[in-house]
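Novice: Per this note's numbering, the sequence shown runs over residues 303 to 847. C-beta: ideal position from N, C-alpha, C; glycine also. Got a structure for you, questions after.
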Amino acid sequence: MRSRSRRVSPEQTRCFRPMIVSMTHPPFANRHRGRLGGTRRFRRAHPWHGTPAITNCQAEKHSMTRCDFNRHRRLVPPGFAVVCHAPVASPRLVLSSPFCYHRRSSHHRTVLPKTTESLISTHATERTPSARNYRYFPGWTMLGISAAAQFMSAPGQSYSVAAFKDPMRSTLGLSDTDYALAYGFATIVSGALLPWVGRLIDRHGARRILPGVALLLGLGCVAMSQVTGLAGLYLGFSWVRSLGQGALSLISAWLVGEWFALRRGFATAIAGLGGSISVMCFPLLNTYLIHEFGWERAWMVLACMVWTLLMLPAAILVRDRPEDLGLQPDGLPESSVTRKHRSTRSDSTAEWHVFDVIRDRTFWKLLSVPATSGMVGTGLVFHQLALLGSRGVSPGWAMALLSLQAMVGTFAALGAGWLTDRVHNHYLLVAAMALLAGAVVVVAVMPVAAMAILYAVLLGLHGSILRSTGSVVWMTYYGRDNQGAIRGVAMSVMIFGAAVGPLPLALSADYFGNYTAALTAFTAIPLAAGLLVWTVPPPRSAQVS
303 MRSRSRRVSP EQTRCFRPMI VSMTHPPFAN RHRGRLGGTR RFRRAHPWHG
353 TPAITNCQAE KHSMTRCDFN RHRRLVPPGF AVVCHAPVAS PRLVLSSPFC
403 YHRRSSHHRT VLPKTTESLI STHATERTPS ARNYRYFPGW TMLGISAAAQ
453 FMSAPGQSYS VAAFKDPMRS TLGLSDTDYA LAYGFATIVS GALLPWVGRL
503 IDRHGARRIL PGVALLLGLG CVAMSQVTGL AGLYLGFSWV RSLGQGALSL
553 ISAWLVGEWF ALRRGFATAI AGLGGSISVM CFPLLNTYLI HEFGWERAWM
603 VLACMVWTLL MLPAAILVRD RPEDLGLQPD GLPESSVTRK HRSTRSDSTA
653 EWHVFDVIRD RTFWKLLSVP ATSGMVGTGL VFHQLALLGS RGVSPGWAMA
703 LLSLQAMVGT FAALGAGWLT DRVHNHYLLV AAMALLAGAV VVVAVMPVAA
753 MAILYAVLLG LHGSILRSTG SVVWMTYYGR DNQGAIRGVA MSVMIFGAAV
803 GPLPLALSAD YFGNYTAALT AFTAIPLAAG LLVWTVPPPR SAQVS
């Protein structure tokens, strides 16, 4: 069969000067994918000599390469690099390479020799019509959506569900044990699903996933309003916990990680303010709704809030990555310093897959931090009334300390985010473990009740570092490509640790009549985790730069 040549019009020759490209094999021109067998010949026109050269790539070994701009994956011959450009209405591109080929599609992609990749001018992307002049960086809108996602994750969070405990138990005729077992089962289900949810986000992006999750979370609230027995409670809790506590928190962190790089820690802290405001608002709101309208209608109100405040804005405003709009993370121009920073990071993190990460020793050392925080922190908060009561603190004062802890964590999170962008992340995680161990020591040896304030402050500072640095560290070490799946594994471990956390203190009180044995163990565990993280090397990108 005679091969068909792809013609290049004079207009295209002017648009893409100094490149004149003619493909002589249709499969090669179509995404360069498919079977690699057979002789594939393509014509390269040299702009200076005007004589086309025929290159046979039958014996070349092709490999999948990821672009540095839009991170698309292309099957390319060895010795070539992929450079992608955002969709354009009328392609006009200026590149500084004589050897290349170009494919017309929704994304204009160019394959360049690696030796000439450094010759690409930043004006190549600046001259594309897709690189619009935005009056402000759209990443701030994505940051607001991330904060809204954390705010509206309340229907699946413990501080919101706690208000429904007594009215639902009395109506359904359930015991405390039945209610707690249903909630614990839902927590385990949520943790088990998070790695799968993370991979789904990496594959399809938040623009598709977030509106669907918000829609399903609202339907879960409607289902909770129709619960009539224990089986329905198991199903409803699993529904709202998996989507609220799990998926929405994961999507919020994913969006921040995609839109911010140099200011990622500070942006994560700002997005975390949505969760802090949610803790302050929803317990009071749920109590009012239950008292005025009943718990069934209260769940319906939460469903309407999720659909109105999250689903609609997410469906209209969310974009997955700044590269899709011809922009760069943080909204900064592509300066030489930024290019160097991004290239060193991509060299060390682009190839990390979730299965490779799981086999990495550094990952398990870092994973000890969320596991320890989930277990020790949840155990302390769960038994806080009893722990502080044994030291002479009244129940009312112990509950007020929870609010103090939340306030300290909220305001300190901004400072922790600022430090996250300027200090090696594993050092901050060591500090978080030291603060957690210090809080345990304070509650274990508290000589006077007034030291409970120090205990609350230490826990609040620990939480601020965990919400900012603990979220950013996975992208710092393993990049953006599979951050959803990696975060999902980390959050699963933290949730499983939280499910186990209250048990040691309860066993210590039952068998020994005090909390000394459990508190001793809770002091040693954060110190051991801190020593493990101290031995973690800086990310490879930091070593290169």
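So, helix, strand or coil for L629, using DSSP?
Specialist: Within the sequence shown, numbered from 1, the residue matching residue 629 stands at position 327. Here L629 sits in coil by DSSP.
Novice: Does the separation of the CB atoms of L537 and A451 fall below 9 Å?
Specialist: Along the sequence shown, one-based indexing puts residue 537 at 235. Along the sequence shown, one-based indexing puts residue 451 at 149. For L537 and A451, no; Cβs fall outside 9 Å.
Novice: So, is A820 buried or exposed, given that buried needs 16 or more other C-beta atoms within 10 angstroms?
Specialist: Here residue 820 is taken as the residue at index 518 of the sequence shown, counted from 1. Its Cβ being crowded by 16 or more others within 10 Å, A820 is buried.
Novice: Is W836 helix, strand or coil by DSSP?
Specialist: As a first step, residue 836 must be located in the sequence shown, where it is residue number 534. In the structure shown, W836 sits in a helix (DSSP, three-state: H, G or I).
Novice: Counting C-beta neighbours from all protein chains within 10 Å, is the total for T712 16 or more, i.e. buried, or is it exposed?
Specialist: Here the question's residue 712 lines up with position 410 in the sequence shown. Label assigned to T712: buried.
Novice: Relative to the alpha-carbon of L521, which residue among M602, K667, P841 and G772 has its alpha-carbon at the smallest distance?
Specialist: Taking the sequence shown and counting its residues from 1, one reaches residue 521 at position 219. The candidate whose alpha carbon is nearest that of L521 is M602.
Novice: What did DSSP end up calling V695 once you bin it into helix, strand or coil?
Specialist: Sequence index remark: in the sequence shown, residue 695 carries index 393 (1-based). Reduced to three states, the DSSP call for V695 is coil.
Novice: Here's the rule I'm using: 16 or more other beta-carbon atoms within 10 Å means buried, otherwise exposed. How should D478 be labelled?
Specialist: If you number the sequence shown from 1, residue 478 lands on position 176. Burial call: exposed.
Novice: Apply the 10 Å Cβ neighbour rule to V639 and answer buried if 16 or more other Cβ atoms are within range, or exposed otherwise.
Specialist: As a working mapping, residue 639 is identified with position 337 in the sequence shown. The pLDDT assigned to V639 is 39, lower than 50, so where the model puts this residue is not dependable; a value taken from the coordinates is nonetheless given after this. Per the 10 Å Cβ criterion, exposed.
Novice: With DSSP collapsed to three states, give me the class of A563.
Specialist: Stepping through the sequence shown from its first residue, residue 563 is reached at position 261. Here A563 sits in coil by DSSP.
Novice: What do you get for Y485, buried or exposed, if any count of 16 or more other CB atoms within 10 angstroms of its CB means buried?
Specialist: For the purposes of this step, residue 485 is identified with residue 183 of the sequence shown, where counting begins at 1. Y485 should be labelled buried.
Novice: In this structure, does DSSP put S477 in helix, strand or coil?
Specialist: Looking up residue 477 in the sequence shown gives position 175. Three-state result, S477: coil.
Novice: Identify the continuous alpha helix (DSSP H) that holds N727 and give its terminal residues.
Specialist: Position 425 of the sequence shown, counted from the start, is the residue given in the question as residue 727. Counting along the chain, the alpha helix (DSSP H) containing N727 begins and ends at N727 to V747.
Novice: For L704, which option in L682, W609 and G531 has the closest C-alpha, if you only look at C-alpha atoms?
Specialist: Here residue 704 is taken as the residue at index 402 of the sequence shown, counted from 1. For the residues L682, W609 and G531, the minimum Cα distance to L704 belongs to L682.
Novice: Smallest Cα separation from Y438: which of A456, T674 and D632?
Specialist: Residue mapping note: residue 438 aligns to position 136 of the sequence shown, counting from 1. Cα-wise, what sits closest to Y438 is D632.
Novice: Distance check for M701 and A751, CA to CA, integer angstroms please.
Specialist: If you number the sequence shown from 1, residue 751 lands on position 449. If you number the sequence shown from 1, residue 701 lands on position 399. So the alpha carbons of these two residues sit roughly 14 Å apart.
Novice: Is S455 helix, strand or coil when you go by DSSP?
Specialist: Taking the sequence shown and counting its residues from 1, the one referred to as residue 455 is at position 153. In this structure, S455 counts as coil in the three-state DSSP scheme.
Novice: Give the DSSP-derived three-state secondary structure of R505 in the structure shown.
Specialist: Translated into the one-based positions of the sequence shown, residue 505 becomes position 203. Three-state result, R505: helix.
Novice: Quick one: Cα of P839 to Cα of A801, how far?
Specialist: Along the sequence shown, read from residue 1 onward, the residue named residue 839 stands at position 537. Along the sequence shown, read from residue 1 onward, the residue named residue 801 stands at position 499. For P839 and A801, the distance between alpha carbons rounds to 30 Å.
Novice: Where does V620 fall in DSSP's three states?
Specialist: On the sequence shown, residue 620 is found 318 positions in, with the first residue counted as 1. Residue state, collapsed to three classes: coil.
Novice: Classify A605: buried if its beta carbon has 16 or more other beta carbons within 10 angstroms, exposed otherwise.
Specialist: Sequence index remark: in the sequence shown, residue 605 carries index 303 (1-based). Buried: at least 16 other Cβ atoms inside 10 Å.
Novice: Do you know offhand how far P841's Cα is from G781's?
Specialist: The residue labelled residue 841 in the question sits at position 539 within the sequence shown. The residue labelled residue 781 in the question sits at position 479 within the sequence shown. Approximately 10 Å between the Cα atoms of the pair.
Novice: Taking the alpha helix (DSSP H) that D812 falls in, what are its first and last residues?
Specialist: As a first step, residue 812 is located in the sequence shown; it is residue number 510 there, counting from the start. P804 to F814 is the span of the alpha helix (DSSP H), which, as asked, contains D812.
Novice: Does the distance from the CB of M793 to the CB of L552 come in under 9 Å?
Specialist: What you label residue 793 is simply residue 491 of the sequence shown in a count that begins at 1. What you label residue 552 is simply residue 250 of the sequence shown in a count that begins at 1. Their beta carbons are under 9 Å apart, which means M793 touches L552 by this criterion.
Novice: Give the secondary structure of L269 by DSSP, where H, G and I count as helix, E and B as strand, and everything else as coil.
Specialist: The chain is shown only over 303 to 847; residue 269 falls outside these bounds and no answer can be derived.
Novice: Thinking C-alpha only, which one of P697, L629 and L557 is nearest L445?
Specialist: Here the question's residue 445 lines up with position 143 in the sequence shown. Out of P697, L629 and L557, L557 has the C-alpha closest to the C-alpha of L445.
Novice: CA-CA distance, T722 and L564?
Specialist: Counting from 1 along the sequence shown, the entry for residue 722 is found at position 420. Counting from 1 along the sequence shown, the entry for residue 564 is found at position 262. Rounded to whole angstroms, T722 to L564 spans 10 Å at the Cα level.
Novice: Start and end of the alpha helix (DSSP H) containing T674?
Specialist: As a working mapping, residue 674 is identified with position 372 in the sequence shown. Where T674 is concerned, the enclosing alpha helix (DSSP H) stretches over R663 to T674.
Novice: Can you look up L689 in the DSSP assignment and give me helix, strand or coil?
Specialist: Within the sequence shown, the letter at position 387 stands for residue 689. Looking at L689 - three-state DSSP - the assignment turns out to be helix.
Novice: Between which two residues does the alpha helix (DSSP H) harbouring G534 extend?
Specialist: Translated into the one-based positions of the sequence shown, residue 534 becomes position 232. Per DSSP, G534 belongs to the alpha helix (DSSP H) from L532 to V542.
Novice: Counting along the chain, where does the alpha helix (DSSP H) carrying Y461 start and finish?
Specialist: Within the sequence shown, numbered from 1, the residue matching residue 461 stands at position 159. Taken as a continuous stretch (DSSP letters only), the alpha helix (DSSP H) holding Y461 covers S460 to V463.
Novice: Once DSSP output is grouped into helix, strand and coil, what is the label at D658?
Specialist: Counted from its first residue, the sequence shown places residue 658 at position 356. Three-state DSSP puts D658 in a helix.
Novice: Counting along the chain, where does the alpha helix (DSSP H) carrying G681 start and finish?
Specialist: On the sequence shown, position 379 is the one that residue 681 refers to. Segment T680 to F684, the alpha helix (DSSP H) holding G681.
Novice: How would you write the range of the alpha helix (DSSP H) that A600 sits in, first residue to last?
Specialist: Walking along the sequence shown from the start, residue 600 turns up at place 298. Note, A600: alpha helix (DSSP H), W597 to V608.
Novice: Within a Cβ cutoff of 8 Å, which residues of the same chain sit near L716, ignoring the five residues on either side of it in sequence?
Specialist: Against the sequence shown, residue 716 aligns to sequence position 414. F568, A571 and I572, listed in sequence order.
Novice: Quick one: what does DSSP say P497 is sitting in, helix, strand or coil?
Specialist: Translated into positions along the sequence shown, residue 497 becomes position 195. If DSSP states are grouped into helix, strand and coil, P497 belongs with the helices.
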